[in-house]
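Contents: one structure, followed by commentary.
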Amino acid sequence: MASRGSNSSSNGLLPTSRSGRHHVDMESGAKVRLPTEFGDDASPKSDVHRDEDDPFDIAHTKNAPPATLRRWRQAALVLNASRRFRYTLDLKKEEEKDSRRRMIRSHAQVVRAALLFKLAGERDTGLSTTVTPATPSGDYGIAHEQIVSLTREHNISALQQYGGVKGVSSMINTNLEKGIDGNEPDLVRRRDVFGSNTYPQKKGRSFLRFLWEAWQDLTLIILIIAAAVSLALGIKTEGWAHGWHDGGSIAFAVFLVIIVTAVSDYRQSLQFQNLNEEKQNIQLEVMRGGRTVKISIFDIVVGDVVPLRIGDQVPADGILITGHSLAIDESSMTGESKIVHKDQKAPFLMSGCKVADGVGTMLVTSVGINTEWGLLMASISEDNGEETPLQVRLNGLATFIGIVGLSVAVLVLLVLWVRYFTGHTKTDGKVEFESGKTSLSKAFDGAVKKFTIAVTIVVVAVPEGLPLAVTLTLAYSMRKMMADKALVRRLSACETMGSATTICSDKTGTLTLNQMTVVEAYVGRNKVHPPDDSSQLHSLVSTLLIEGIAQNTSGNVFEPEGGEVEISGSPTEKAILSWAVKLGMKFNAIRSESTILHVFPFNSEKKRGGVALKGTDSKVHIHWKGAAEMVLASCTEYLDSNGCLQNINQDKEFFKEAIDGMAASSLRCVAIAYRPYELDKVPSQENNLSQWALPEDNLVLLAIVGIKDPCRPGVKDAVTLCTEAGVKVRMVTGDNLQTAKAIALECGILCSVEDATEPNIIDGKTFRELSEKEREEVARKITVMGRSSPNDKLLLVQALRKGGDVVAVTGDGTNDAPALHEADIGLSMGIQGTEVAKESSDIIILDDNFASVVKVVRWGRSVYANIQKFIQFQLTVNVAALTINVVASMSSGNVPLNAVQLLWVNLIMDTLGALALATEPPTDDLMHRTPVGRRAPLITNIMWRNLLIQALYQICVLLILHFAGNSILGLKEDNTKAANVKNTIIFNTFVFCQIFNEFNARKPEELNVFSGVTKNYLFMGIIGITFVLQIMIIQFLGTFAKTVVLDWQHWLICFGIAIVSWPLAVVGKLIPVPKTPISKYCRRAFQPCMRPCQGSRTSRST
12 MASRGSNSSS NGLLPTSRSG RHHVDMESGA KVRLPTEFGD DASPKSDVHR DEDDPFDIAH
72 TKNAPPATLR RWRQAALVLN ASRRFRYTLD LKKEEEKDSR RRMIRSHAQV VRAALLFKLA
132 GERDTGLSTT VTPATPSGDY GIAHEQIVSL TREHNISALQ QYGGVKGVSS MINTNLEKGI
192 DGNEPDLVRR RDVFGSNTYP QKKGRSFLRF LWEAWQDLTL IILIIAAAVS LALGIKTEGW
252 AHGWHDGGSI AFAVFLVIIV TAVSDYRQSL QFQNLNEEKQ NIQLEVMRGG RTVKISIFDI
312 VVGDVVPLRI GDQVPADGIL ITGHSLAIDE SSMTGESKIV HKDQKAPFLM SGCKVADGVG
372 TMLVTSVGIN TEWGLLMASI SEDNGEETPL QVRLNGLATF IGIVGLSVAV LVLLVLWVRY
432 FTGHTKTDGK VEFESGKTSL SKAFDGAVKK FTIAVTIVVV AVPEGLPLAV TLTLAYSMRK
492 MMADKALVRR LSACETMGSA TTICSDKTGT LTLNQMTVVE AYVGRNKVHP PDDSSQLHSL
552 VSTLLIEGIA QNTSGNVFEP EGGEVEISGS PTEKAILSWA VKLGMKFNAI RSESTILHVF
612 PFNSEKKRGG VALKGTDSKV HIHWKGAAEM VLASCTEYLD SNGCLQNINQ DKEFFKEAID
672 GMAASSLRCV AIAYRPYELD KVPSQENNLS QWALPEDNLV LLAIVGIKDP CRPGVKDAVT
732 LCTEAGVKVR MVTGDNLQTA KAIALECGIL CSVEDATEPN IIDGKTFREL SEKEREEVAR
792 KITVMGRSSP NDKLLLVQAL RKGGDVVAVT GDGTNDAPAL HEADIGLSMG IQGTEVAKES
852 SDIIILDDNF ASVVKVVRWG RSVYANIQKF IQFQLTVNVA ALTINVVASM SSGNVPLNAV
912 QLLWVNLIMD TLGALALATE PPTDDLMHRT PVGRRAPLIT NIMWRNLLIQ ALYQICVLLI
972 LHFAGNSILG LKEDNTKAAN VKNTIIFNTF VFCQIFNEFN ARKPEELNVF SGVTKNYLFM
1032 GIIGITFVLQ IMIIQFLGTF AKTVVLDWQH WLICFGIAIV SWPLAVVGKL IPVPKTPISK
1092 YCRRAFQPCM RPCQGSRTSR ST
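Throughout the sequence shown, residue numbering follows the numbering used here, covering 12 to 1113 in sequence.
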């Protein structure tokens, strides 16, 4: 089985790849940052500065050093480390993983070194190398173990004895040109004999494991111990009938908290597992039955023929069939950043390595656990998690609140104990403790009960679930984002996207449909209309044109008997191949008429690709295809409509105008050219041939084609939405500047033709030639960059980030990887993106659609908004519960909310509250705000206003009931029953206040808190469950919760007091708040006090 059990960003067999294999396109993108909505923080630069003394101030957890991550963990106040740090990077396991990786790599290198040493010795001594002959196995001419060791040991002698790659292919029944048949019986036989391309699955955590981790909470352990002591003392003093009530109730409440917490965590873990399956199940191309088909990586079998292009990852161990300038980055296996060139002298390919340059095809010889990569992944497949900036900040907030809560709990405990042991605590009018009269066991039992209350206050006060709420909302958002065609590889990117201030987008396939067709064509000075009318072409021109298109391509044409022609490849390749087929091209026949001598794969820097051919008449032709104006610049002649050579100098302006005219119509312009070459000038040695630089001067122009790629429907609305949301959209494309301008106007990126002036619209070459300082100044003004290289994209990202922007960048090519890595959020394309681009990205846009990028921004803002809702709700409960118990304990020696009741409140506030509020779907209102600053305060002034109004209302009402409840409710004073009724009403009212306040927390800034509530079934379900359970606790579980049954008048009172929170919230939202955050005022107030401390710290450090 394949490993499917973690939320790792790495893929099983191809840990850093995410989808199919494709061409390197000519575009690029970048990422930026938005201003905050708060006063001084409105400058984008505000996020650049950080407090070096604050361990929780980490703006970028992406690629953060281990020392920084270790520092905040050590600073956090944690009650349950195993649960709190479950979804953060396990630094210890990460070190162990690196150690195992090094060990496996070293073992592989030692085996190969020993084999090379042996072969070298045999050569020096003149001894022949003995190789065990191939042993047939079933339907195949070679045994499983032999073919595995052949590739693993890189045994070139064995390969030669077996007859090279042709001999091995015949042994495993593979046609090197057409691949395997691919029928189901054949695939089953191959898996039975040679294994499947999967590796042993590490089991996910069981529910019992989550129960155990939920139990590790320090306060819950203390409560269980206290409950056990109370139970023993109660039974001893009061007997079984009544003695178990106190201890048993607390124990049951603790177990309920543990079970609910474990269920929530287990459900969350399953979501991550499901997402991980999506990440691992990448698609790639193989040749089966003569046609190119896409399959899952897990379906690859021994014998498959796999095409390799720049940016791909090798999906299994294999042998090179053919290759041109093929260079492999083997650093993932060897640990050395060394590019290895592959040819017939070094034909072995290792799973997990990346194609750095060139093209080729490979024969798969080992899969799954039989590869070194499979062994490596099987040993380190367990994910070690990842923290996000918001998670770190919430740990800081939780630590601060926890310290306050812990201090309050200690104060309450001291007050309760002092009042108890000095005889100031009464029950039913009787003093609970009298010195010299109360027995030791009763005194101890009383002290334990007071201690239990204090510990329970700590449970409520320390918001252990606050940082975990981030993971909960991220897990929910990631699952929903899959439906919106976005696969999140890195959790932190999901929330960082909410802070994005600029999106640097590719053009082709992102802003356009990537459905390309040739709509205009110039052959000589003639415009061919319609473009696929072959009768308008001279036979010589047609022959050379079709030869160049058929051979100089990374695509393929499958011509089934009696069926429709199937064309595969990149959209640009498919468009040109389709045009050639309409002109009468017979793909396979044309390719068989000449031999490929050397290939120069498409290069995003030169924006062209070439091939050298030798025909049956031994004539050599060198064909080039690429960006029209660049190929045109290398041409000295052209073939006219009569097939005659003409000097191009006089007509160059005509061709330039033709290119500009097509570009202005938003067409991608591609030129096709060739030149004859002398055979004796072609390097004869294989080594020299592989290093041969194809001549690219003195070319003969054959044709210029204009390819139409329409704008995506809805892209203009998506760009407008981004603009309204304060996110600037920039187009970065490898296309002609005129084409880029036309598409930008069509998409709404450029508002008018008047805007299309430098530096709003700029050429990549012009930008890269600026000084670093000039680039920073110009970068913020750039809207469209044409003819850009991947390095230009990287320079733009760096310049924007230095200016304080939070940059999101799209990319699909291998050379886009540095920009994707450098950006705050790297967005790779799921359809056109190479595996290397996906590895370097944070989010994969599965449909390559810009509208999906905008949805990611929406979800990013939703994550932050949902966390703020939960913080507001939780802090309201914290402030109210702590204040009520502190005031009551100091004044009367008793607390109105006992341990069991506080545990129930904690359950509502923590686990259930997070589920209800952290899973709110995003609203359109989120895209009408400015971006969230990365250092914008977690608790805004609006949140402070809302929570203080609600908390003060609850505190005032409940304390009035506590001190004057008997007279207000018409109860007899100093009566046990009356006290129980009063405390039950206080508890019931408090819980109802939280239920109603949960609605208020949904919409912190809107008057109508009910909009869309019926569509959130989880929220409604949790509210309903909480309501029903509360009724059951009061009416049926009085012994357990220390409550009494209330009559309908008392229920109405509780309900009436709680429902006031709704109109109160409306009134509160009419109160204006200052724009400058309260935290800034506090900082300014304490600054004079902080300066001496900072000065002394500085002097100590020096």
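Idealized CB from N, CA, C, for every residue including glycine.
If you're wondering where the values come from, they're calculated on a predicted model, not measured in any experiment.
Mapping DSSP to helix, strand and coil, what is residue i?
| i | result |
| --- | --- |
| residue 277 | helix |
| residue 929 | coil |
| residue 255 | coil |
| residue 473 | coil |
| residue 1 | Nothing about residue 1 can be read from this structure; the chain reaches only from 12 to 1113. |
| residue 220 | helix |
| residue 341 | coil |
| residue 940 | coil |
| residue 703 | coil |
| residue 1047 | helix |
| residue 226 | helix |
| residue 54 | With a pLDDT of 36 at residue 54, under the threshold of 50, the modelled position of this residue cannot be trusted; read the value that follows with caution. Of the three classes helix, strand and coil, the one that applies to residue 54 here is coil, per DSSP. |
| residue 293 | coil |
| residue 39 | With a pLDDT of 32 at residue 39, under the threshold of 50, the predicted position of this residue should be treated as unreliable, and no value is reported. |
| residue 318 | strand |
Our contact map puts residue i next to residue j with C-beta atoms below 8 angstroms; I'd like the distance itself, whole angstroms only.
| i | j | result |
| --- | --- | --- |
| residue 510 | residue 817 | 5 angstroms |
| residue 190 | residue 517 | The Cβ separation is near 32 angstroms, so there is no contact. |
| residue 321 | residue 359 | Incorrect: roughly 20 angstroms between the Cβ atoms, too far for contact. |
| residue 560 | residue 591 | 4 angstroms |
| residue 866 | residue 357 | So it is not a contact: roughly 46 angstroms between Cβ atoms. |
| residue 1045 | residue 995 | 7 angstroms |
| residue 209 | residue 309 | 5 angstroms |
With C-beta atoms as the reference, is residue i less than 7 angstroms away from residue j?
| i | j | result |
| --- | --- | --- |
| residue 375 | residue 327 | yes |
| residue 540 | residue 653 | no |
| residue 486 | residue 528 | no |
| residue 861 | residue 583 | no |
| residue 2 | residue 218 | Outside the shown range of the chain, which is 12 to 1113, sits residue 2, and nothing can be said about it. |
| residue 737 | residue 948 | no |
| residue 471 | residue 913 | yes |
| residue 423 | residue 897 | yes |
| residue 713 | residue 686 | no |
| residue 824 | residue 831 | no |
| residue 240 | residue 459 | yes |
Which stretch, first to last residue, makes up the alpha helix (DSSP H) that contains residue i?
| i | result |
| --- | --- |
| residue 583 | 582–593 |
| residue 145 | It is not in any alpha helix (DSSP H) - residue 145 carries neither H nor E in the DSSP assignment. |
| residue 1084 | First-last for residue 1084: undefined, no H or E at that position. |
| residue 866 | 861–903 |
Just curious, the beta strand (DSSP E) that residue i is in, first and last residue?
| i | result |
| --- | --- |
| residue 165 | Residue 165 -> no beta strand (DSSP E), and no H or E assigned at all. |
| residue 821 | 818–822 |
| residue 1073 | That residue, residue 1073, is in no beta strand (DSSP E); its alpha helix (DSSP H) goes 1072–1080. |
| residue 717 | 710–719 |
| residue 193 | Run containing residue 193: none; DSSP gives neither H nor E here. |
| residue 724 | Element bounds for residue 724: n/a, residue is neither H nor E. |
| residue 327 | Run containing residue 327: none; DSSP gives neither H nor E here. |
| residue 569 | 567–569 |
| residue 370 | 365–377 |
| residue 685 | 678–688 |
| residue 856 | 854–856 |
| residue 657 | 656–658 |
Q | Whole beta strand (DSSP E) elements within the stretch 592–618, 3-residue minimum | A | The qualifying runs are 605–614.
Q) What are the uninterrupted segments assigned as beta strand (DSSP E) that are 3 or more residues long and contained completely in the stretch 765–816, given in chain order? A) Entirely contained in the stretch 765–816, the beta strand (DSSP E) runs reaching 3 residues are, in chain order, 772–774 and 795–797.
Q | Entirely enclosed beta strand (DSSP E) segments - the stretch 451–531, minimum 3 residues | A | Here the runs fully enclosed are 497–499 and 511–516.
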